[in-house]
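Which chain is which? The protein sequence lines are P and Z, in order. Per my numbering, the first sequence runs over residues 705 to 956. Per my numbering, the second sequence runs over residues 705 to 956. For reference, the structure discussed in these notes is given below.
Number of protein chains: 2
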Amino acid sequence: MDARPATASGPADPPADAEPRPRRTGYRRLPVQQRREQLIAVALELFATRAPEEVGLDDVAEAAGASRPLVYRYFAGGKQQLYEAALRTAADELTSRFAVPLTGTPSEQLSAVLDGYFAFVAEHDAGYSALLRGGSVVETARTSAIVDDVRRAALRRTLRHLGVREAGPRLTLLVRSWIAVVEGASLSWLDEGRALPVAELRDWLVDQFTAMAAATALHDPQTAQVLAALLALEGPDAPRAERLRAVLAAGR
Amino acid sequence: MDARPATASGPADPPADAEPRPRRTGYRRLPVQQRREQLIAVALELFATRAPEEVGLDDVAEAAGASRPLVYRYFAGGKQQLYEAALRTAADELTSRFAVPLTGTPSEQLSAVLDGYFAFVAEHDAGYSALLRGGSVVETARTSAIVDDVRRAALRRTLRHLGVREAGPRLTLLVRSWIAVVEGASLSWLDEGRALPVAELRDWLVDQFTAMAAATALHDPQTAQVLAALLALEGPDAPRAERLRAVLAAGR
Numbered sequence: 705m706d707a708r709p710a711t712a713s714g715p716a717d718p719p720a721d722a723e724p725r726p727r728r729t730g731y732r733r734l735p736v737q738q739r740r741e742q743l744i745a746v747a748l749e750l751f752a753t754r755a756p757e758e759v760g761l762d763d764v765a766e767a768a769g770a771s772r773p774l775v776y777r778y779f780a781g782g783k784q785q786l787y788e789a790a791l792r793t794a795a796d797e798l799t800s801r802f803a804v805p806l807t808g809t810p811s812e813q814l815s816a817v818l819d820g821y822f823a824f825v826a827e828h829d830a831g832y833s834a835l836l837r838g839g840s841v842v843e844t845a846r847t848s849a850i851v852d853d854v855r856r857a858a859l860r861r862t863l864r865h866l867g868v869r870e871a872g873p874r875l876t877l878l879v880r881s882w883i884a885v886v887e888g889a890s891l892s893w894l895d896e897g898r899a900l901p902v903a904e905l906r907d908w909l910v911d912q913f914t915a916m917a918a919a920t921a922l923h924d925p926q927t928a929q930v931l932a933a934l935l936a937l938e939g940p941d942a943p944r945a946e947r948l949r950a951v952l953a954a955g956r
Numbered sequence: 705m706d707a708r709p710a711t712a713s714g715p716a717d718p719p720a721d722a723e724p725r726p727r728r729t730g731y732r733r734l735p736v737q738q739r740r741e742q743l744i745a746v747a748l749e750l751f752a753t754r755a756p757e758e759v760g761l762d763d764v765a766e767a768a769g770a771s772r773p774l775v776y777r778y779f780a781g782g783k784q785q786l787y788e789a790a791l792r793t794a795a796d797e798l799t800s801r802f803a804v805p806l807t808g809t810p811s812e813q814l815s816a817v818l819d820g821y822f823a824f825v826a827e828h829d830a831g832y833s834a835l836l837r838g839g840s841v842v843e844t845a846r847t848s849a850i851v852d853d854v855r856r857a858a859l860r861r862t863l864r865h866l867g868v869r870e871a872g873p874r875l876t877l878l879v880r881s882w883i884a885v886v887e888g889a890s891l892s893w894l895d896e897g898r899a900l901p902v903a904e905l906r907d908w909l910v911d912q913f914t915a916m917a918a919a920t921a922l923h924d925p926q927t928a929q930v931l932a933a934l935l936a937l938e939g940p941d942a943p944r945a946e947r948l949r950a951v952l953a954a955g956r
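Here it is, written out as C-alpha cells:
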C-alpha cells in the first residue's frame with residue numbers, strides 16, 4: 705500500500721509515484737508511466753518547431769492539457785530534465801530504426817534504413833538540428849553522451865550487417881565517416897527547407913558509401929574484402945558501382 | 705594623456721589600456737597587445753593538454769609568470785572570455801593554413817593543405833577535441849559560431865580553388881561532407897593516440913575527396929565537370945583515380 709497521500713502539491717515537491725488528483729476539472733487522469741510518455745511526446749512535438757531554450761515546462765503543461773504542478777512534479781529537475789528525457793526517448797526511437805530489412809541487395813537495404821532515418825529527421829526537425837549543431841544552452845556532457853550512444857549504435861549495427869566481427873581502425877573510420885556524412889547531409893537538408901528530394905539524397909548517400917568504401921579499400925585489405933563481398937551481392941553488374949567507375953574515367 | 709593611474713588593481717576592475725606596474729619583482733613588463741597575445745598563447749598551450757573547464761585564469765597567470773590581478777584585468781569576463789579569445793586566435797590561425805600552394809597537381813595541393821591541418825590538430829590536441837566534441841561547459845552559441853566560421857572559410861576556400869563561382873546545392877553538400885570527414889578523421893586520430901600515420905590519413909582523405917566527388921558527379925552535372933577538370937590536371941593516368949576504378953571492379 706502506498707502511504708503517501710495523493711494530494712496536489714507544488715513544483716518543489718519530489719516526484720511522486722502516483723499522480724495527484726487534478727485541482728481543476730477538465731484534466732484527464734492517466735497512469736504514471738502513460739502520463740510521463742504523453743508529456744515527453746508533447747515536449748518532442750514542441751522541440752520540433754522551437755529552439756530547446758524556448759520550450760519551458762509551462763508550454764508542455766499547456767500543450768498537454770495538464771496542470772502546471774503536475775508537469776513540475778514529473779520533471780522536478782526543470783526543463784533540463786525534461787529535455788534529457790525527451791532526448792533519450794528520441795534516441796531510443798532512432799536507434800530502433802537502424803534495423804536492416806532481411807531481403808534485398810545491400811544498396812536496397814541501406815536505402816530502406818536511410819528512408820527510416822530521414823523520416824525521423826523530418827519529424828523532429830528543429831530539435832534534431834539544435835541538438836546536432838551544438839552550442840545550445842541545454843547541451844551538456846550528458847546530452848552529448850546520448851548522441852554519441854546513437855552514433856555508436858549506428859556503427860555497431862552497420863559493422864554487424866557487413867558481417868564484420870572485429871573491425872580494424874580503417875574500416876571503423878570509414879563507417880564513422882559515412883555516418884558523419886549522413887548526419888551532415890540531413891542537417892543541410894533541413895537548413896535548405898528540404899529543397900533536395902529525400903529519394904535523391906538517399907541515393908546519393910548509398911553511392912557515397914560505395915565510393916568511400918572504395919577509397920578506403922585502397923588503404924586496407926579488410927575494407928577491400930568487405931567491399932568485394934558487397935559488390936558481389938549487388939548482382940552481376942553492380943550497376944551503381946559501374947557508373948562510379950565510368951565517372952572516374954572522365955578527363956582522361 | 706591617459707588620466708587613469710597605473711596602479712595595480714583587483715580582478716573586478718575594468719580592463720585598462722596600460723599594464724599596471726607589477727607588485728612583485730620578477731614579472732616582466734610587456735606592451736598591452738603583446739601581453740594579451742602571450743596570455744592567449746599560454747592558455748592555448750594549457751588547453752592542449754587539459755579540458756577547457758579545468759583551465760582557470762590562475763593557471764594561466766602561473767604558466768605565464770604574470771600576476772593574477774594582471775590576468776584578471778585582461779580577461780575581466782573570466783575564463784569564458786579567455787576561452788573565447790583563445791578560440792578566436794586558434795580559429796584565425798587554422799583559417800590561415802587553408803592557403804593552397806600554387807604548384808603541384810590537385811592531389812598534391814590538397815595533401816599540402818591537409819598536412820598543415822594535421823599539424824594544427826597535433827598542436828592543439830585536447831583543446832581541439834573538446835571543442836569539436838561538444839558538451840563542454842565553455843561551449844556557447846558564440847563558440848559554435850566561431851567553429852562554423854572556420855568551416856565556412858574551408859568551404860569557400862575549397863570552392864574557389866576548384867574554380868567554382870556559384871556552387872549548386874549538390875557540390876556544396878559534397879565539399880561540406882568532405883570537410884566533416886576531415887574533422888571526424890582528425891578526432892579519431894587523436895582518440896586513438898595518433899596510431900595511424902598522418903601521411904596515410906592524409907592520402908586516405910585525398911582519395912576520399914576523389915571518391916566522394918565521383919559519387920556526387922553521378923547526381924550533379926556541375927560536380928561532374930569539376931571532377932573531370934581535376935582528373936585532367938592529375939596527369940595522363942590520374943593514377944589514384946585509376947586505382948579507385950580497379951577496386952570498384954572487385955567482386956564482379
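Ideal placement from N, C-alpha and C gives every residue a C-beta, glycine not left out. Treat the numbers as computed from the prediction; the structure is a model and nothing was measured.
Backbone secondary structure at residue i - three-state DSSP
{"i": "Thr-729/Z", "result": "At Thr-729/Z the pLDDT is 49, less than 50, meaning the model places this residue with poor confidence and gives no usable figure here."}
{"i": "Asp-924/P", "result": "coil"}
{"i": "Glu-788/Z", "result": "helix"}
{"i": "Ser-840/P", "result": "coil"}
{"i": "Gly-831/Z", "result": "helix"}
{"i": "Phe-779/P", "result": "coil"}
{"i": "Ala-794/Z", "result": "helix"}
{"i": "Val-759/Z", "result": "coil"}
{"i": "Ser-771/P", "result": "coil"}
{"i": "Thr-799/Z", "result": "helix"}
{"i": "Thr-753/Z", "result": "helix"}
{"i": "Thr-809/Z", "result": "coil"}
{"i": "Asp-907/P", "result": "helix"}
{"i": "Leu-937/Z", "result": "helix"}
{"i": "Leu-900/P", "result": "coil"}
{"i": "Val-736/Z", "result": "helix"}
{"i": "Ala-745/P", "result": "helix"}
Contact with chain P by residue i, beta-carbon distance below 8 Å
{"i": "Gly-888/Z", "result": "yes"}
{"i": "Thr-920/Z", "result": "yes"}
{"i": "Ala-953/Z", "result": "yes"}
{"i": "Val-885/Z", "result": "yes"}
{"i": "Pro-873/Z", "result": "yes"}
{"i": "Ser-815/Z", "result": "no"}
Beta-carbon gap between residue i and residue j smaller than 8 Å
{"i": "Ala-857/P", "j": "Leu-863/P", "result": "no"}
{"i": "Val-885/P", "j": "Ala-884/Z", "result": "yes"}
{"i": "Val-764/P", "j": "Ala-747/P", "result": "yes"}
{"i": "Leu-859/P", "j": "Val-841/P", "result": "no"}
{"i": "Ser-811/Z", "j": "Arg-944/Z", "result": "yes"}
{"i": "Val-930/Z", "j": "Val-868/Z", "result": "yes"}
{"i": "Val-951/Z", "j": "Leu-922/P", "result": "yes"}
{"i": "Arg-801/Z", "j": "Gly-820/Z", "result": "yes"}
{"i": "Leu-835/P", "j": "Leu-791/P", "result": "yes"}
{"i": "Pro-873/Z", "j": "Ala-899/P", "result": "yes"}
{"i": "Arg-656/P", "j": "Phe-822/P", "result": "As shown, chain P starts at 705 and ends at 956. That puts residue 656/P outside it, with no answer to give."}
{"i": "Ser-833/P", "j": "Leu-894/P", "result": "yes"}
{"i": "Arg-754/Z", "j": "Ala-830/Z", "result": "yes"}
{"i": "Arg-837/P", "j": "Leu-798/P", "result": "no"}
{"i": "Leu-734/Z", "j": "Leu-761/Z", "result": "no"}
{"i": "Ala-928/Z", "j": "Ala-915/P", "result": "no"}
{"i": "Ala-770/Z", "j": "Leu-743/Z", "result": "yes"}
{"i": "Glu-788/Z", "j": "Arg-846/Z", "result": "yes"}
{"i": "Ala-954/P", "j": "Leu-935/Z", "result": "yes"}
{"i": "Ala-795/P", "j": "Val-759/P", "result": "no"}
Test: residue i CB closer than 8 Å to a CB of chain Z
{"i": "Ser-881/P", "result": "yes"}
{"i": "Ala-780/P", "result": "no"}
{"i": "Gln-912/P", "result": "yes"}
{"i": "Thr-729/P", "result": "Low local confidence applies: a pLDDT of 49 at Thr-729/P is under 50, so the model's placement there is unreliable, with the coordinate-based value given in what follows. So, not an interface residue."}
{"i": "His-865/P", "result": "no"}
{"i": "Leu-935/P", "result": "yes"}
{"i": "His-828/P", "result": "no"}
Which runs of the alpha helix (DSSP H) spanning at least 4 residues fall entirely within the region 863-896 of chain Z, listed in chain order? Within the region 863-896 of chain Z, the runs of alpha helix (DSSP H) at least 4 residues long that lie entirely inside it are, in chain order, 873-895.
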